[in-house]
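K.L.:
If you read the protein sequences in the order shown, they are chains A and B.
Just so you know, we're using the numbering used here here: the first sequence kicks off at 1 and counts up by one.
Just so you know, we're using the numbering used here here: the second sequence kicks off at 1001 and counts up by one.
Don't be surprised by glycine CBs; every beta carbon is placed ideally from N, CA and C.
Since this is a predicted model, take the numbers as computed values, not measurements.
Before anything else, here's the structure in question.
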Amino acid sequence: MTGAAPVPVVRRSVLRLVPLAIVWLVALWPVVLWLLSASDPELAVRTAQLAAAIATQAAWTAGAVVLVALIGFPPFPAWLRLAGSRMVAAFANDRAPLMKALADLRHFESAARHLEAGRLALQRGELAPAATHLSRAVELDPSLPGAHHQLGLLLFRVGQLRAAIAAFARAQQLDPGHAFGDAQLLAGRSAYVLGDTASALRLLEDHQRQHGGSRRSHYWLAQARLAAGDAAGARTAFEYAAVPSKQRLTAEENWFRALAKVRLWRMRRAP
Amino acid sequence: MKGLWQQADRTPVTLLVALAYGTLFVLCDPWNAEQFGKHLANYGWLTPLAAAHGEAWRMLSSAFLHGGIVHLLFNMAALFAVGPALEQSVGSVRFLLLYAVSSLGGSIAVCLLYDIGQPVVGGSGALFGMFGALVALNMRSGRHLLSFLDFEGPRRLMGLIVVNLLIGFLLPMVSNTAHIGGLCAGFLVTFVWLVPGREVTADLRAWRIAATALFASLLFASVMPVTRYDWLWNTALDAHDPNGQAAMRRAAAMSFFGTPAASDADAQRFYEDVVAPPPKDESPPRGR
């Protein structure tokens, strides 16, 4: 990735060759046993038993080490909290408001009602009906910034990033600073994911100037700055994202804080 | 009917596999409980013992048999959920190769890790291989290997895999070993070989050779388990040299009892306890 510290050549070679060597070792093992058993079957059995015991012990040890590392590794507890909060939200998400919105639509069709139905469907993860209602909302009233914003969220979720950027840009054009700059932020993120670093940087810097920013926005800004080669600027943004908070953060903010801490740690270790 | 022909044109392998599932299930006479098990055995259920003693073809045939109507319907549903899209993505020939390799992957896992007499049937080793292939395709299509987790569809796929594995652990009649073997085989063959349009670098070539060697070697170990007691005992019967025979019998006893050494008395005890007694009633086949 451009702007990231280069991995030393020796470490790169080891990272490339060690997994390959392990695969070859496992591949050659049955052949070795077969050759051994042809001359001394008891030795072959003993060797196989010893190898199995070593492999089992190594697997248990590696598993324990990985578990301890994951528990101590900041993003893992943050991810657990984020996954938990999403599960709770999914269970607590009642279908009644969506049913009411659909019933309202049956009485009278309007862009606002399609927008509401689409928004609720998107919240519940019902992407196909959300797409139908949001597209219809945009069709009925192209000047509704919320419809373009929600449509952009849907397109972002399914990976249609170019279309998402267009939708967010339209929302931003109709209502600058719409949803506290969320459209602009997600447009910047989509541009970054597509590899358009210049546009991503411009959008995310604008967002930071106009709206201050959250840990999430600073994390994404830092990634864009790193991709553009601005390591110092990236570090500043990561530091902002990683700063501890006196108040309890939301699960998502906590997650981005954990990620920023790891990135800062890696940047400090790099030459 | 026209739709079916069009589908057959687009995804012939998926339809042929589904046809094989249905045909073989009917041929096994599932309505006759007494004959059903015998037919499954004749048509190719897999046991590690049979695979190591001249019936390696069962490693593929078992992937087309099913232990009951529910088993068949579940696997058919999974096949039609995933198969057509995957076949259109990678092409019919590659899809057939993927199905075969994933089936073999599941069978290899069973042969290496299972009780030697436990029969296994079912296509879900291959179906898990398709899930693994989808994961591999998603991983290869992003900015970096884990960027696919940013999106809804791939996250749901991972969730589906986890849920199905959990179900496999909870239900005693399900062979999760075959599921995991198929998942790994399908993932590996797609990640290393089947992603279309990739540039073949020196690293990739090295990994292709290593992965192929690994697969071949594990297949070899499944059909020639040279340190397993049944293999050793049968090889001892064919040996001409009395010292070699005795050594193999002792090795068979070591392998069965799990001890680092065995005497001729242990070999005799192994013969009396394991080889000589008449076979018990066959346990019902495990589904995969």
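Quick test of the definition: if touching needs 3 or more C-beta pairs under 8 Å, does the stretch 91-108 of chain A touch the stretch 74-82 of chain A?
P.N.:
As far as the Cβ criterion goes, the stretch 91-108 of chain A does not touch the stretch 74-82 of chain A, which means the pair count is below three.
K.L.:
Just to confirm, is the Cβ distance from B:Val1120 to B:Ser1061 under 7 Å?
P.N.:
Contact flag unset, no.
K.L.:
Under 7 Å between beta-carbons, which chain B residues line up against A:Leu185? List them in chain order, please.
P.N.:
Under the 7 Å cutoff, chain B gives no residues; its nearest Cβ is about 15 Å from A:Leu185.
K.L.:
Taking A:Arg16 as the query, report the chain B residues whose CB atoms sit under 7 Å from its CB, ordered along the chain.
P.N.:
Asp1203, listed in chain order.
K.L.:
With a threshold of 16 other CB atoms inside 10 Å of the CB of A:Met1, please say whether the residue is buried or exposed.
P.N.:
Confidence at A:Met1 is low in this model, with a pLDDT of 38, below 50, so the placement of that residue should be treated as unreliable; the coordinate-derived value is given next. Its Cβ having fewer than 16 others within 10 Å, A:Met1 is exposed.
K.L.:
Classify B:Phe1191: buried if its beta carbon has 16 or more other beta carbons within 10 angstroms, exposed otherwise.
P.N.:
Counting Cβ neighbours within 10 Å, B:Phe1191 comes out buried, since at least 16 surround it.
K.L.:
Give a yes or no on whether 7 Å exceeds the smallest Cβ distance from B:Pro1260 to chain A.
P.N.:
True, the Cβ-Cβ gap to chain A drops below 7 Å.
K.L.:
Only counting runs of 4 or more residues, tell me where the alpha helix (DSSP H) segments fall wholly within the stretch 128-157 of chain A, in order along the chain.
P.N.:
Entirely contained in the stretch 128-157 of chain A, the alpha helix (DSSP H) runs reaching 4 residues are, in chain order, 145-157.
K.L.:
Counting only C-beta atoms, is B:Val1275 closer than 7 Å to chain A at any point?
P.N.:
Taking Cβ atoms only, chain A never reaches closer than 7 Å to B:Val1275, which makes this a no.
K.L.:
Taking all protein chains shown into account, decide if B:Glu1087 is buried (16 or more other Cβ within 10 angstroms of its Cβ) or exposed.
P.N.:
By the neighbour-count rule (16 or more Cβ atoms within 10 Å), B:Glu1087 is buried.
K.L.:
Find out if the Cβ-Cβ distance for the pair B:Ser1052, B:Ala1126 is shorter than 7 Å.
P.N.:
Strictly speaking, residue 1052 of chain B in this sequence is Ala, with Ser absent from that position. Contact: no.
K.L.:
Considering only C-alpha positions, which residue in the set A:Tyr240, A:His211, A:Gln210, A:Arg209 is nearest to A:Ala282?
P.N.:
Any answer about residue 282 of chain A is impossible in this case: the structure gives chain A only from 1 up to 271.
K.L.:
What whole-angstrom Cβ distance do A:Trp255 and A:Leu36 have, given they're in contact under 8 Å?
P.N.:
So it is not a contact: roughly 51 Å between Cβ atoms.
K.L.:
Starting from the C-beta of A:Arg113, find all residues in its chain whose C-beta is less than 6 Å away, skip the five residues before and the five after it, and write them out in chain order.
P.N.:
Asp104, Leu105.
K.L.:
Going by CA-CA distance only, name the one from B:Arg1228, B:Leu1194, B:Arg1208 that's closest to B:Val1090.
P.N.:
Measuring from the Cα of B:Val1090, the nearest candidate turns out to be B:Leu1194.
K.L.:
For A:Glu116, does the count of other Cβ atoms within 10 angstroms reach 16, so buried, or fall short, so exposed?
P.N.:
It counts as buried.
K.L.:
Could you tell me the distance, in whole angstroms, from the CA atom of B:Gly1181 to the CA atom of B:Ala1133?
P.N.:
Cα to Cα, B:Gly1181 sits roughly 13 Å from B:Ala1133.
K.L.:
Give a yes or no on whether the minimum CB-CB distance between B:Val1163 and chain A is below 7 Å.
P.N.:
Not closer than 7 Å to any Cβ of chain A, the Cβ of B:Val1163 fails to qualify, so no.
K.L.:
Straight-line CA distance for B:Ala1109 to B:Thr1047?
P.N.:
Distance between the alpha carbons of B:Ala1109 and B:Thr1047: 11 Å.
K.L.:
Considering Cα atoms alone, identify which of B:Val1189, B:Gly1159, B:Leu1204, B:Asn1234 is closest to B:Ala1216.
P.N.:
Ranking the options by Cα distance to B:Ala1216, first place goes to B:Val1189.
K.L.:
Once the 5 residues before and after A:Leu43 are set aside, which same chain residues still bring their CB inside 7 Å of it?
P.N.:
Excluding residues within five positions, the ones whose Cβ falls inside 7 Å are Leu36.
K.L.:
Spell out the partners DSSP gives B:Val1174 in its beta bridges.
P.N.:
DSSP, once it has assigned bridges, lists B:Gly1287 as partnering B:Val1174.
K.L.:
Quick one: which chain B residues come within Cβ less than 9 Å of A:Val23?
P.N.:
The answer, in chain order, is Trp1207, Ala1210, Ala1211, Ala1213, Leu1214.
K.L.:
Need the endpoints of the alpha helix (DSSP H) that A:Ala211 sits in, please.
P.N.:
First, the amino acid is wrong: residue 211 of chain A is His here, not Ala. Residues 197-211.
K.L.:
Under 7 Å, do B:Gly1287 and B:His1071 count as touching if we go by C-beta distance?
P.N.:
Yes, the Cβ-Cβ distance between B:Gly1287 and B:His1071 is below 7 Å.
K.L.:
Please list, in chain order, the residues of the stretch 243-263 of chain A that have any C-beta partner in chain B closer than 7 Å.
P.N.:
Per Cβ criterion, the list is empty.
K.L.:
Any Cβ of chain A within less than 7 Å of the Cβ of B:Val1226?
P.N.:
Yes, contact with chain A.
K.L.:
Flag A:Trp279 as yes if its beta-carbon sits less than 7 Å from any beta-carbon of chain B, otherwise no.
P.N.:
The first residue shown for chain A is 1 and the last is 271, placing residue 279 of chain A beyond what the model contains.
K.L.:
Give every residue of the same chain whose Cβ lies closer than 8 Å to the Cβ of B:Phe1257, excluding the five residues on either side of it in the sequence, and list them in chain order.
P.N.:
Closer than 8 Å at the Cβ level, and outside the excluded window around B:Phe1257, lie Asp1266, Phe1270.
K.L.:
Quick one: does B:Ala1056 have its CB under 7 Å from some CB of chain A?
P.N.:
By this cut-off, B:Ala1056 is not an interface position.
K.L.:
Looking only at its own chain, which residues have a Cβ that is under 8 Å from the Cβ of B:Met1248, when we skip the five neighbours before and after it?
P.N.:
Counting only Cβ-Cβ distances below 8 Å, and skipping sequence neighbours, we find Leu1232, Trp1233, Thr1235, Ala1236, Ala1239.
K.L.:
Count the other C-beta atoms from every protein chain shown that fall within 10 angstroms of the C-beta of A:Gln150, then say buried if there are 16 or more, exposed otherwise.
P.N.:
So A:Gln150 counts as buried.
K.L.:
Which same chain residues, not among the five before or five after B:Gly1168, have their C-beta less than 6 Å away from its C-beta?
P.N.:
Closer than 6 Å at Cβ, skipping near neighbours: Val1174, Asn1176, His1179.
K.L.:
Would you verify that the beta carbon of B:Met1254 is, or is not, closer than 7 Å to some beta carbon of chain A?
P.N.:
For B:Met1254, the answer is yes, since a Cβ of chain A falls inside 7 Å of its Cβ.
K.L.:
For A:Ala5, would you say it is in contact with chain B, using Cβ-to-Cβ distances shorter than 7 Å as the test?
P.N.:
In this prediction, A:Ala5 has a pLDDT of 48, which is less than 50 and means its spatial position is unreliable; nothing more can be read from the coordinates.
K.L.:
Whole angstroms is fine: what's the gap from A:Ala50's alpha carbon to B:Ala1261's?
P.N.:
According to the sequence as given, residue 50 of chain A is Leu; it is not Ala. Approximately 12 Å between the Cα atoms of the pair.
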